[in-house]
Amino acid sequence: MKRMSIVFLALMIFVTAAWSQMREGKMGGSSQSIYPQTYSRTENEILESLIRISRGGQLYDDWWKTTTDTVKPEKDNALWKEQSTNKRSGYDTYRCKECHGWDYRGKDGAYGKGSHYTGFKGVYEAAQKLSVQEIEEILSIKGAEKKHDFTKHAGNEEIADLALFIKKGVVDTTMLVNDKGLPTGGNERTGSYIFRRNCTFMCHGPDGTGINFGDPEEPEYVGTIAYENPWEFIHKVRCGQPGTRMPSAIINEWSEKEILDLLNFARTLPKNDSEISQGSRYRGHMGRRGMMNRDYRPGSGRGFGPTME
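Take a look at the structure:
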């Protein structure tokens, strides 16, 4: 027993030292980061900023699932009348990603064609030019475009976090994926290690089929999203999936290289049921129980909640 205690203590010392070296950039990894640079503030303040940026990214994805006290709209967004190409209706018309795209470029990006096309601009340019306060005004009644006022549907904390994400969290996706949806770099083998370490156990299963994002007739798995919509894959890896316990690469400060490594490997995973082995089909059910049926707040079925408290 004494020998086991000594071994355990030595292991803990090693892990602590390794973690410290990794934080200081002395062990592997990429020095290039696509996340906001650290500020001259305490670590707790930095962490809170990263949490808020991640939450803002989930609000951009699906703000109703990211909150616990907002009302889900049933009618079309007032701005929807200004376009006629995208035939979606109801709440979908209120999701930021539906107008501005997973790549944040709107009509100039991946949503510049196809069923999601609206003709609306992206938010990437705004992120470069405007301050957080100016972006908040665009999202509120103070903005020039009154139809873009979201204060009737989300509180001040939501508006602030969404604006912070647009300013600090939106990245140039052309540095990660080209116009054809192909990764601009990354290592599949390293991505396999990242996936096994972070995504397999009690979530997506060994081949990414533990959770079906679609339906039985048209299933969507990790491999499906990574192959068909890498921009969505990158956004959800960075920010997390609204209404679930999925971790955020922004909060964990993953590098650009780690994102690309994971994307490269995920593109090799099964994309439909015909590519799934029987054994993987059985093991994959563990992922659904572990992730989709457990939320940040038990019984809520929703995400971060109304505030950062």
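The numbering used here numbers the first residue of the sequence shown as 41 and each following residue consecutively. Yeah, the Cβ is synthetic: ideal placement off N, Cα and C, and Gly gets one too.
If you look at Gln123, you'll find it isn't in any alpha helix (DSSP H); DSSP assigns it neither H nor E.
Taken through DSSP and simplified to helix, strand or coil, Lys297 comes out as helix.
Across the structure, Gly97 and Ala167 are spaced so that their CA atoms are roughly 13 Å apart.
Here Tyr144 is actually not in contact with Thr214; their C-beta atoms are around 10 Å apart, not less than 8 Å. A straight-line Cα-Cα distance of about 6 Å links Leu204 and Ile93. Taking the Cα of Gly154 as reference, the smallest distance to any Cα among Cys136, Glu298 and Thr125 is reached at Thr125. Around the beta-carbon of Arg229, fewer than 16 other beta-carbon atoms lie within 10 Å, marking it exposed. Sequence-distant partners of Cys139 (beyond 5 residues in either direction) whose C-beta falls short of 7 Å from its own C-beta, in its chain, are Gly146, Thr158 and Phe160. Under the 10 Å beta carbon count, Val217 is surrounded by 16 or more other beta carbons and is classified as buried. Spatial neighbours of Lys311 in its own chain (CB-CB distance under 8 Å, excluding positions within 5 residues in sequence) are listed in chain order as Tyr261, Gly263, Thr264, Tyr267 and Glu268. Leu303 places its beta carbon less than 7 Å from that of Pro223. Straight-line spacing of the CA atoms in Thr191 and Ile199 works out to 7 Å. Put simply, of Arg95, Gly162 and Thr107 the residue whose alpha carbon is nearest the alpha carbon of Arg278 is Arg95. Around the CB of Leu179, 16 or more other CB atoms lie within 10 Å, so the residue is classed as buried.
Across the structure, Trp103 and Gly283 are spaced so that their CA atoms are roughly 10 Å apart. Selection Thr82, Lys137 and Glu85 evaluated against Asp101 yields Lys137 as nearest (Cα-Cα). Here the alpha carbon of Glu185 sits roughly 11 Å from the alpha carbon of Ala118. It is roughly 11 Å from the alpha-carbon of Cys243 to the alpha-carbon of Phe235.
Straight through space, the alpha carbons of Gly248 and Ser317 are spaced by roughly 12 Å. A straight line joining the alpha-carbon of Cys239 with that of Asp255 spans about 21 Å.
For Tyr134, there is no enclosing alpha helix (DSSP H), as DSSP marks it with neither H nor E.
As the crow flies, the alpha-carbon of Lys208 is around 31 Å from that of Asn252. CA-CA distance, Glu315 to Ala289, rounds to 28 Å. In this structure, DSSP gives Pro113 a state outside helix and strand, which the three-state scheme calls coil. If you draw a straight line from the Cα of Gly231 to the Cα of Lys169, it is about 34 Å long.
For the options Ile299, Gln123 and Asn292, the alpha carbon positioned closest to that of Phe273 is the one of Ile299. Note: Val217 is bridge-paired with Pro223 in the DSSP secondary-structure output.
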